[in-house]
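Undergrad: Sharing a structure here in structure tokens format.
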Amino acid sequence: MSRRRDERALVRPHVVTGGRAHPSRNVFDLVTLVISAGDLPRRGLSPEKLRIVELCRGGALSVVEIAGHLALPVGVTKVLLSDLVDSGHLTTRAPAPAAPTSRTRLLQEVLDGLRASL
1 MSRRRDERAL VRPHVVTGGR AHPSRNVFDL VTLVISAGDL PRRGLSPEKL
51 RIVELCRGGA LSVVEIAGHL ALPVGVTKVL LSDLVDSGHL TTRAPAPAAP
101 TSRTRLLQEV LDGLRASL
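Residue numbers (the working numbering): 1 to 118.
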């Protein structure tokens with residue numbers, strides 16, 4: 001990789017977030033689901049924020065999925081998501097809790113998996 005490309009990779013996240021390293025007030029987990037809140041005006045949104053709104057119009061996506069689609073670090077994505085939640089463009093919800101699994105059942109599944117791999 002050339003030095004110029006390395007420098008650009010280091011600067012871009014800083015530019016994308018306006019120099020901020022942390023979300024304003026919204027706390028996001030990697031699996032927090034993000035949903036488009038409707039058809040609010042998109043004037044003034046950065047290209048990355050527009051892309052996020054478009055991605056979330058198709059249904060709920062997790063924070064990590066959005067970061068992957070944008071090819072941006074998760075921290076940068078969280079800052080952008082925070083701005084969009086603050087502006088009302090997006091809403092969030094916690095993922096559905098996993099069904100409880102009994103400890104015995106879980107251990108049996110691990111044992112079965114180990115036996116199958118031998």
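Positions of the beta carbon are idealized from the N, C-alpha and C atoms, including for glycine.
In chain order, which continuous runs of the alpha helix (DSSP H) of length 4 or greater are located wholly inside the stretch 8-72?
TA: Correct list: 47-57 and 63-70.
Undergrad: Whether or not the stretch 44-61 and the stretch 80-89 are in contact is what I'm after, with contact meaning three or more pairs of Cβ atoms, one per stretch, closer than 8 Å; do they touch?
TA: In short, these stretches touch, since the Cβ pair count reaches three.
Undergrad: By Cβ distance, which residues of its chain are closer than 8 Å to residue 37, with the 5 residues on each side in sequence left out?
TA: In the sequence shown, residue 37 corresponds to position 37, counting from 1. Hits under 8 Å: 88, 89, 90 and 91.
Undergrad: Per DSSP, which residues does residue 93 bridge with? Please list them.
TA: As a working mapping, residue 93 is identified with position 93 in the sequence shown. The partner list for residue 93 (beta bridge, DSSP) reads 33.
Undergrad: Would you report the Cα separation of residue 71 and residue 61, rounded to the nearest angstrom?
TA: Walking along the sequence shown from the start, residue 71 turns up at place 71. Walking along the sequence shown from the start, residue 61 turns up at place 61. The alpha-carbon atoms of residue 71 and residue 61 are separated by roughly 15 Å.
Undergrad: Please report the distance separating the alpha-carbon of residue 95 from that of residue 56.
TA: As a position in the sequence shown, residue 95 is number 95, starting the count at 1. As a position in the sequence shown, residue 56 is number 56, starting the count at 1. The straight-line gap from Cα to Cα measures roughly 15 Å.
Undergrad: What did DSSP end up calling residue 118 once you bin it into helix, strand or coil?
TA: Position 118 of the sequence shown, counting from 1, holds the residue named residue 118. Reduced to three states, the DSSP call for residue 118 is coil.
Undergrad: Reducing DSSP to helix, strand and coil, say where residue 82 ends up.
TA: Looking up residue 82 in the sequence shown gives position 82. In the structure shown, residue 82 sits in a helix (DSSP, three-state: H, G or I).
Undergrad: Given a cut-off of 8 Å, decide if residue 76 and residue 28 are closer than it, judged by their beta-carbon atoms.
TA: Your numbering for residue 28 matches position 28 in the sequence shown. Your numbering for residue 76 matches position 76 in the sequence shown. Cβ distance not < 8 Å, so residue 28 and residue 76 don't count as in contact.
Undergrad: Taking all protein chains shown into account, decide if residue 32 is buried (16 or more other Cβ within 10 angstroms of its Cβ) or exposed.
TA: Counting from 1 along the sequence shown, the entry for residue 32 is found at position 32. Buried is the call here.
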